[in-house]
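Residue numbers (our numbering): 11 to 87.
Glycine included, C-beta positions come from ideal geometry on N, C-alpha and C.
Each remark here refers to the structure printed beneath this line.
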Amino acid sequence: MAELRYQETSILLRVFSPEVPIVGESIFVVHDIAGWGYQASTGEWLAYCSERELAAANIAERFVCFGLWPSPNGKQP
11 MAELRYQETS ILLRVFSPEV PIVGESIFVV HDIAGWGYQA STGEWLAYCS ERELAAANIA
71 ERFVCFGLWP SPNGKQP
């Protein structure tokens, strides 16, 4: 699931599992010299805005690591 979060200085997209809503990731849209992209709340670069599928895969991988999302290959992390 995803929901918008409005902060004083920016708008974030919060992505979380409905089964464990207290665990999630807040995503920022930021600009660098090459263009606009998605950045995790930890500061990790996820992907450029033109690479939405890659950004989604990088976010999903975080949930897989915490056991909150099924692994694409069916294996436990």
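Inter-residue spacing [alpha-carbon to alpha-carbon] between residue i and residue j
i, j, result
"E29", "A66", "19 Å"
"R72", "G45", "24 Å"
"L64", "V25", "15 Å"
"A70", "Y16", "23 Å"
"A57", "V33", "21 Å"
"Y51", "I21", "At residue 51 the sequence reads Ser, which differs from the Tyr that was named. Rounded to whole angstroms, S51 to I21 spans 12 Å at the Cα level."
"P31", "I43", "35 Å"
Contacting residues, own chain, Cβ-Cβ under 7 Å from residue i (five flanking each side not counted)
i, result
"Q86", "Bear in mind that a pLDDT of 46 at Q86, under 50, signals an unreliable position, so the number given afterwards is only what the model happens to contain. For Q86, where only same-chain residues beyond five positions count, there are no Cβ hits under 7 Å."
"W55", "G47 and Q49"
"L14", "I21 and L23"
Residues that DSSP places opposite residue i in a beta bridge
i, result
"R72", "Answer is none; R72 lacks a bridge partner."
Simplified DSSP assignment, three categories, for residue i
i, result
"Q86", "Residue placement at Q86 cannot be trusted, given a pLDDT of 46 that sits under 50; what the coordinates show is reported in the next sentence. Looking at Q86 - three-state DSSP - the assignment turns out to be coil, as it is neither helix nor strand."
Element boundaries [beta strand (DSSP E), containing residue i]
i, result
"S27", "I21 to S27"
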